[in-house]
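Below is one structure; the comments refer to it alone.
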Amino acid sequence: MTTLSILVQVAALLTGGAYVLVVTDRLMSSTGGVRSALVYPVRRLSFLLLQPATTTERPDFEAWILGPALLMALAAVGAVAIPVAGPSAGGDIHAGLVLFGAAMLIVLVAVFIFGWGPNSVFPMIGGYRMAAMVLSVGIPFSLVVLTTAIPAESLSVGMIVEAQSSLWFVVVQPLGLPIYLVTAAAIAFWGPFDLPEGADLAGGVVAEASGLRLAMWRFARAALLVTLSLMGQAVFLGGYLGPILPGWAWTIVKTLVLLVLLALAGRTMARMRVQTFVWFGWVVLLPLALVDVFVSGWLAL
Amino acid sequence: MIDILLVVGAAIFGIGVYGALSQQSFVMIMMGLELMLNAALLVAITFWWASTGGNPAGQLLVIVILAVMAIEAAIGFALVTAVYRSRKADITEKLKKLRN
Amino acid sequence: MNPGPLSYFLVSAFGVGAVVSGWLVFRTDSMLRAAYWLMVSFVAVGAMLIVLDAQFLGLILILMMSGEMTIMAIFMILFMMNPAGLNPMTMVHQHRTSIIAGVGSFVVLAFVGVVAEFPDRPVPAGDATVALGEELLGRSMLVFESAGVALLAVMIGAIALAAKQGRFGDAYDGSQEPSIDVETEDRS
Chain W
1 MTTLSILVQV AALLTGGAYV LVVTDRLMSS TGGVRSALVY PVRRLSFLLL
51 QPATTTERPD FEAWILGPAL LMALAAVGAV AIPVAGPSAG GDIHAGLVLF
101 GAAMLIVLVA VFIFGWGPNS VFPMIGGYRM AAMVLSVGIP FSLVVLTTAI
151 PAESLSVGMI VEAQSSLWFV VVQPLGLPIY LVTAAAIAFW GPFDLPEGAD
201 LAGGVVAEAS GLRLAMWRFA RAALLVTLSL MGQAVFLGGY LGPILPGWAW
251 TIVKTLVLLV LLALAGRTMA RMRVQTFVWF GWVVLLPLAL VDVFVSGWLA
301 L
Chain Y
1 MIDILLVVGA AIFGIGVYGA LSQQSFVMIM MGLELMLNAA LLVAITFWWA
51 STGGNPAGQL LVIVILAVMA IEAAIGFALV TAVYRSRKAD ITEKLKKLRN
Chain L
1 MNPGPLSYFL VSAFGVGAVV SGWLVFRTDS MLRAAYWLMV SFVAVGAMLI
51 VLDAQFLGLI LILMMSGEMT IMAIFMILFM MNPAGLNPMT MVHQHRTSII
101 AGVGSFVVLA FVGVVAEFPD RPVPAGDATV ALGEELLGRS MLVFESAGVA
151 LLAVMIGAIA LAAKQGRFGD AYDGSQEPSI DVETEDRS
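Residue numbers (the working numbering), protein chains in the order written: chain W, 1 to 301; chain Y, 1 to 100; chain L, 1 to 188.
Shown next, in the form of structure tokens:
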């Protein structure tokens, strides 16, 4: 598969997934009905593109525009590591799991500079909140993702999917997927963990953003959630493996399941204060992730 | 190839030396130290790649450098916080004497 | 193996990027930019490591630095009086000595690097990550474990140094924000 077709595939996956995510989220949050929700992404996007962009006094302009661009690029880089259709198709990168982990942890940098850019108080506090959250869940997140490499004996995502041909890792490592989903939602500052964009901060990092910048930011966050769902299904739900349907169809079905799950959680779960979340990350999630590592290592011996 | 890599490593190291010696702020000094370690890392991998025939101890050295970096950063930040808390000092000039 | 022209190009491009961004760390007034220029320098070196067949180490370097540089940026913003660099400033001492030392070490090291002859034993083709894993959990396990123990000691020591209540107290209390430390005049 050529580089160009991989790029087209990643772009199509991220755009389609982002559309489904926004529609599901809209269905949960408004009473407008299904038809209104289905056109909502297009309507919202055209509104944002036509809206005149506001600015602030002496913003760090480069940082402010680099934030959304970097977030979008990271979502794409993370998605490149994941095989979509089958063992030979798609980019199967040597240390794909580490590439994905590195891309997801740099999300913190994108959010932090986006909060720093406008030279304004609430976005800056949003950036600090993101730093506290990601630094607390970054280690459990990396641990549960890397633990899937133990039974597969490889860091390549394609090999990890192949190792699940008899039994999915969601069964072998029961702690893995729940911890992954919680930490993934926190890394994408989504759902119950959208504190960096919290309503109590008048929008947090997006408080001063409008127009094209806000449209890019919203799309990049949705694409980031799609990438996280893609990786979740690849390492825990057997990826493209499945009967009857072709591989790419299984990938899409499983990705959508995780994506809709995240969208539902975003509108139904209670928020947690940042202080409580930091405590939760270090005192609850990290030991559970270590248990996951030790049990999987023991089983793989 | 090895010439390019070693010159790049030397340049990064030189910038690190300049930064660590010239800056007044504690955190900027730490940035200089990190740049020097960065150069060490690059040069270690260069020699591993070009001259050791793939001896994995070369990669191990890089892991040790990474651990040293993490230790330097953690202890550095902790000391900066502790000094700031007791002295309200954030640059080296404010620490004329280290006792009490 | 013999590096192809693409490797030459990539190594030169990332090398120039690493040096220039490293230089910009000390040339910018904004503390956030200083921290993230340093991160760019590390990412460029990580990319060079990937070109030199050490994919795992390059990616791990990039992964580590993203978190560390954000912490660095936060500390810069905490401790500097003018973190956004909205007014130009220089905070340097012994400037001439530093320039001489920096240029001197570059010239000496680069001279040695260019003039000296090194043995030509390139990395054999194969998975360097597997070799590293076997080294870490085999012959050099003691080194690896010592690094882990040192890191654990550092974690404890750093928390004891930096936390306001030292090593005492519950984790939840420690995560609460401290009261705002305003120096007021004593009115009693």
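Built from N, CA and C at the ideal position, the CB exists for glycine as well.
Taking only the alpha-carbon atoms, compute the straight-line gap between residue i and residue j and give it to the nearest angstrom.
i, j, result
"Met-65 (chain L)", "Phe-42 (chain L)", "7 angstroms"
"Gly-91 (chain W)", "Gly-239 (chain W)", "With a pLDDT of 49 at Gly-91 (chain W), under the threshold of 50, the modelled position of that residue is not reliable, and no figure is offered here."
"Ile-125 (chain W)", "Ala-132 (chain W)", "11 angstroms"
"Thr-268 (chain W)", "Ile-2 (chain Y)", "57 angstroms"
"Trp-49 (chain Y)", "Phe-61 (chain W)", "41 angstroms"
"Leu-49 (chain W)", "Leu-212 (chain W)", "5 angstroms"
"Ser-140 (chain L)", "Leu-61 (chain L)", "20 angstroms"
"Phe-78 (chain W)", "Met-104 (chain W)", "The displayed chain sequence assigns Gly, not Phe, to residue 78 (chain W). So the alpha carbons of these two residues sit roughly 7 angstroms apart."
"Leu-33 (chain Y)", "Ala-20 (chain Y)", "6 angstroms"
"Val-206 (chain W)", "Thr-56 (chain W)", "13 angstroms"
"Val-11 (chain L)", "Ile-65 (chain Y)", "21 angstroms"
"Pro-123 (chain W)", "Arg-58 (chain W)", "14 angstroms"
"Ser-210 (chain W)", "Val-8 (chain W)", "28 angstroms"
"Tyr-302 (chain W)", "Ser-105 (chain L)", "There is simply no residue 302 (chain W) to check, as chain W begins at 1 and stops at 301 in what is shown."
"Arg-35 (chain W)", "Tyr-19 (chain W)", "14 angstroms"
"Ala-89 (chain W)", "Ala-150 (chain L)", "Unreliable positioning characterises Ala-89 (chain W) in this predicted model, as indicated by a pLDDT of 48, which lies under 50. A coordinate reading is not provided."
"Ala-63 (chain W)", "Ala-53 (chain W)", "16 angstroms"
In the DSSP assignment, the alpha helix (DSSP H) including residue i goes from what residue to what residue?
i, result
"Arg-218 (chain W)", "211–236"
"Val-134 (chain W)", "121–147"
"Ala-73 (chain Y)", "57–87"
"Arg-26 (chain W)", "3–29"
"Ser-254 (chain W)", "Note on identity: in this sequence residue 254 (chain W) is Lys, with Ser being the wrong assignment. First-last of the alpha helix (DSSP H) with Lys-254 (chain W): 247–268."
"Ala-54 (chain L)", "It is not in any alpha helix (DSSP H) - Ala-54 (chain L) carries neither H nor E in the DSSP assignment."
"Leu-70 (chain W)", "61–80"
"Ala-131 (chain L)", "128–136"
"Met-344 (chain W)", "Here chain W has residues from 1 to 301 only, and residue 344 (chain W) is not among them."
"Ser-22 (chain Y)", "2–22"
"Thr-97 (chain L)", "95–115"
Looking only at its own chain, which residues have a Cβ that is under 6 angstroms from the Cβ of residue i, when we skip the five neighbours before and after it?
i, result
"Phe-13 (chain Y)", "Met-36, Ala-39"
"Ala-263 (chain W)", "Leu-21, Thr-24, Asp-25"
"Leu-71 (chain W)", "Ala-110, Ala-220"
"Gln-23 (chain Y)", "Ile-29"
"Ala-300 (chain W)", "Ile-150, Pro-151"
"Ala-100 (chain W)", "One detail in the question is off: residue 100 (chain W) reads as Phe in this sequence, not Ala. Within the same chain, Phe-100 (chain W) has close Cβ partners Gly-78, Ala-81, Met-231."
"Lys-94 (chain Y)", "none"
Sort the options by Cα distance to residue i and report the nearest one.
i, options, result
"Phe-189 (chain W)", "W:Val-111, W:Ser-156, W:Val-172", "W:Val-111"
"Ser-154 (chain W)", "L:Tyr-8, L:Val-108, L:Phe-56", "L:Phe-56"
"Gly-204 (chain W)", "W:Met-159, W:Pro-140, W:Pro-118", "W:Pro-118"
"Leu-214 (chain W)", "W:Asp-25, W:Leu-45, W:Met-28", "W:Leu-45"
"Val-62 (chain Y)", "L:Ala-18, L:Gly-46, L:Met-76, L:Phe-75", "L:Gly-46"
"Ala-162 (chain L)", "Y:Phe-77, Y:Ile-45, Y:Leu-95, Y:Thr-92", "Y:Phe-77"
"Leu-170 (chain W)", "W:Ile-187, W:Thr-148, W:Ala-185", "The sequence given here has Val at residue 170 (chain W), not Leu. Nearest of W:Ile-187, W:Thr-148, W:Ala-185 to Val-170 (chain W), Cα basis: W:Thr-148."
"Met-344 (chain W)", "W:Phe-193, W:Ile-106, W:Pro-68, W:Val-8", "In the structure displayed, chain W extends from 1 to 301; residue 344 (chain W) sits before or after that span and is not available."
"Thr-46 (chain Y)", "Y:Ala-10, Y:Gly-19, Y:Phe-26", "Y:Ala-10"
"Trp-23 (chain L)", "Y:Ile-71, Y:Gln-24, Y:Met-31", "Y:Met-31"
"Leu-167 (chain W)", "W:Val-235, W:Thr-255, W:Leu-135, W:Met-216", "W:Val-235"
"Leu-237 (chain W)", "W:Val-84, W:Gln-9, W:Leu-195, W:Ala-199", "W:Val-84"
"Met-76 (chain L)", "L:Gly-157, L:Ser-30, L:Leu-6, L:Val-20", "L:Ser-30"
"Ala-223 (chain W)", "W:Ala-11, W:Thr-2, W:Leu-4", "W:Ala-11"
"Pro-122 (chain L)", "L:Ala-44, L:Gly-15, L:Leu-52", "L:Leu-52"
"Ala-69 (chain W)", "W:His-94, W:Gln-233, W:Ile-106", "W:Ile-106"
"His-94 (chain W)", "L:Leu-109, L:Thr-129, L:Pro-3", "L:Thr-129"
"Gly-126 (chain L)", "Y:Lys-94, Y:Leu-5, Y:Pro-56", "Y:Pro-56"
"Leu-152 (chain L)", "Y:Thr-81, Y:Val-83, Y:Leu-41, Y:Ala-70", "Y:Ala-70"
Who are the Cβ neighbours of residue i in its own chain at under 7 angstroms, not counting the five residues just before and after it?
i, result
"Leu-175 (chain W)", "Leu-288, Val-291, Asp-292"
"Tyr-128 (chain W)", "none"
"Leu-259 (chain W)", "Gly-17, Val-20, Leu-21, Leu-225, Val-226, Ser-229"
Does the Cβ-Cβ distance between residue i and residue j come in under 8 angstroms?
i, j, result
"Ala-73 (chain L)", "Ala-35 (chain L)", "yes"
"Gly-242 (chain W)", "Trp-248 (chain W)", "no"
"Ala-184 (chain W)", "Leu-230 (chain W)", "no"
"Ser-296 (chain W)", "Pro-151 (chain W)", "yes"
"Ile-65 (chain W)", "Val-137 (chain W)", "no"
"Ala-75 (chain W)", "Leu-14 (chain W)", "yes"
"Ala-102 (chain W)", "Leu-136 (chain L)", "no"
"Gly-266 (chain W)", "Gly-191 (chain W)", "yes"
"Val-114 (chain L)", "Val-68 (chain Y)", "no"
"Val-27 (chain Y)", "Gly-102 (chain L)", "no"
"Gly-54 (chain Y)", "Ala-54 (chain L)", "no"
"Ser-120 (chain W)", "Glu-208 (chain W)", "yes"
"Phe-14 (chain L)", "Met-39 (chain L)", "no"
Closer than 8 angstroms by C-beta to residue i: which residues in its own chain qualify, once you throw out the five before and the five after it? Chain order, please.
i, result
"Val-145 (chain W)", "Leu-97, Phe-100, Gly-101, Tyr-180, Met-231, Val-235"
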